[in-house]
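For reference, the structure discussed in these notes is given below.
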Amino acid sequence: MSDTKICLVVDDSRVIRMVARKILEELEFSVAEAADGKAAIDVCKDKMPDAVLLDWNMPVMSGIDFLRSLRKMDGGDAPTVVFCTTENDIEHIQEAIAEGANEYIMKPFDSEIIQSKFRQVGLL
Amino acid sequence: MNKESLAHYCALVKKESGLVLSEEKGYLLESRLMPVARKYKLADLDELATASQKAGSTEMVREIVDAMTTNESFFFRDITPFDQFRDYVLPKLIENRGDKKHIRIWSAACSNGQEPYSLAIVLKEAGPKLAGWRIDIVATDISREVLTRAKAGVYSQFEVQRGLPITLLVKYFKQDGDKWRIDPALRAMVSFQEFNLLDEMRALGKFDIIFCRNVLIYFDQETKTMVLNRMSGILPPDGHLVLGGAETVLGMTDKFVSIKGQRGLYEQGAGTPIAKAS
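Chain order of the listed sequences is H and U. Residue numbers 22 to 145, in the working numbering, belong to the letters of the first sequence in order. Residue numbers 12 to 289, in the working numbering, belong to the letters of the second sequence in order.
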């Protein structure tokens with residue numbers, strides 16, 4: 022059994038997914054990707070990740086709707102969910118925490134912020 | 012910049028702050044001192060070096076030292092010292108200071124204020140255990156510029172994302188445009204003062220714990236020993252000292268000894284004269 026943790030990156034921007042993948046792979050995560058909340062649900066049904074790096078605004082299904090669905094799934098309370106979004110106001114942050122997000126990154130982000138937040142929630 | 016100017020800055024900063032500028036840090040001179048040179052309408056660092064040696068240049072010298080001693084910091088930096096404070100030191104203080112219900116903490120070289128405010132958050136989070144207690148957090152730095160920022164308690168989005176858990180950000184900060192302002196109740200727990208670690212410390216009073224992290228590394232051996240011995244003199248026998256993870260007292264002084272299993276945390280050594288607790 023490998024100890025490598027899986028992080029699912031959910032963002033409709035291919036560039037953001039690519040940047041996040043690079044940072045996370047350097048932190049020795051195995052990275053899965055999804056371009057919207059619904060596609061992310063499908064990934065989780067197949068194999069529940071250890072962590073989710075989650076955008077808020079996406080087509081088809083938003084990040085917050087994904088989070089609500091995830092937390093209702095079998096085993097869906099296990100992944101550590103870190104929002105990573107341009108929604109930087111306190112109301113969005115409070116809503117995310119209330120729905121079960123573990124951490125919140127306000128874009129723009131860099132490797133240092135991802136490391137800091139992932140360390141805080143025990144992923145590193 | 013010529014060699015004489017470089018030697019002048021190294022000697023000046025060492026004399027005024029104790030900070031030893033290694034040659035690798037020479038690159039910092041250009042980026043940090045050019046704004047000071049421009050402010051005084053001087054063309055380069057050689058002109059600034061000459062000007063700062065003239066009589067009446069006290070303010071210019073202060074600004075040079077300010078610029079060279081500013082260090083970045085962030086909330087809950089290295090996290091362990093804050094966990095140790097909450098789980099190891101604070102329970103002892105609550106037990107031993109129960110009669111006076113008064114705790115004094117010194118954040119030496121507090122930079123932009125993240126360390127003393129992180130301590131204030133730890134104390135607030137301790138909740139009812141400290142109800143009715145008087146807590147003084149004294150935060151000092153040699154740089155007037157960083158103290159102004161620290162007192163304001165206003166941080167950028169980037170700064171609040173380094174080390175500060177989101178739940179604590181929401182609980183203790185108010186959003187103000189793209190900035191985050193610390194809760195006035197936390198702000199009121201900290202008093203900020205300009206202070207040079209080379210100066211006599213007794214005027215600051217006695218403390219129960221001193222946080223002096225990642226500062227001694229910039230001093231030479233002799234200065235480290237002097238600062239540590241003076242710190243021992245303003246702590247009671249059961250006081251604590253917190254150093255940075257990469258720092259040690261070994262070979263510097265026997266006034267402090269490390270606490271087993273508590274990296275970076277020190278207590279008074281056996282040879283320390285008994286002083287009365289504050």
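All C-beta atoms in this analysis are idealised placements derived from N, C-alpha and C, irrespective of residue type, glycine included.
Interface criterion met: the Cβ of residue 109 of chain H is under 8 Å from a Cβ in chain U.
CA-to-CA, the gap between residue 85 of chain H and residue 124 of chain H works out to about 13 Å. The DSSP-derived three-state label of residue 147 of chain U is strand.
Residue-level contact by beta carbon fails for residue 44 of chain H and chain U, as no gap is shorter than 8 Å. CA-to-CA, the gap between residue 111 of chain H and residue 234 of chain U works out to about 46 Å.
For residue 73 of chain U, the enclosing alpha helix (DSSP H) stretches over residues 69 to 80. Chain-order list of chain H residues neighbouring residue 181 of chain U: 111, 114, 115, 118, by C-beta distance under 8 Å. If you check the CB distance, residue 125 of chain U and residue 169 of chain U do not come in under 8 Å. For the pair residue 197 of chain U and residue 134 of chain U, the Cα-to-Cα distance works out to about 10 Å.
Between residue 108 of chain U and residue 217 of chain U, the alpha-carbon positions lie close to 14 Å from each other. As for any beta strand (DSSP E) of minimum length 3 sitting wholly inside the stretch 128 to 184 of chain U, the runs are 145 to 152, 165 to 167, ordered along the chain. Measuring C-alpha to C-alpha distances from residue 210 of chain U to each of U:202, U:281, U:19, U:152 identifies U:152 as the nearest.
At a cut-off of 8 Å between C-beta atoms, residue 137 of chain H counts as an interface residue with respect to chain U. Taking a Cβ-Cβ cut-off of 8 Å, the neighbours of residue 173 of chain U in chain H comprise 133, 134, 137, given in sequence order.
Sorting H:31, H:131, H:134 by C-alpha distance to the C-alpha of residue 77 of chain H places H:31 at the top. With fewer than 16 neighbouring CB atoms inside 10 Å of its own CB, residue 38 of chain U falls in the exposed class. Beyond the five residues adjoining it in sequence on each side, residue 90 of chain H comes within less than 7 Å, by CB distance, of 62 in the same chain, given in chain order.
Chain-order list of chain U residues neighbouring residue 126 of chain H: 172, by C-beta distance under 7 Å.
Counting the other Cβ atoms within 10 Å of the Cβ of residue 64 of chain U gives fewer than 16, which makes it exposed.
Every beta strand (DSSP E) of 3 residues or more that sits fully in the stretch 191 to 236 of chain U is shown, in chain order, as 201 to 205, 220 to 223. In the three-state scheme derived from DSSP, where H, G and I count as helix and E and B as strand, residue 105 of chain U is classed as helix.
Using a Cβ-Cβ cut-off of 8 Å, residue 178 of chain U counts as an interface residue toward chain H, since at least one Cβ of chain H sits closer than that to its own. Against residue 168 of chain U, the close residues of chain H are 109, 127, in the order they occur along the chain (beta-carbon pairs closer than 8 Å).
Looking only at H:56, H:119, H:45, H:68, the smallest Cα-Cα distance to residue 94 of chain H is reached by H:68. Taking one beta carbon from each stretch, the stretch 91 to 105 of chain U and the stretch 262 to 282 of chain U have 3 or more pairs nearer than 8 Å; the two touch.
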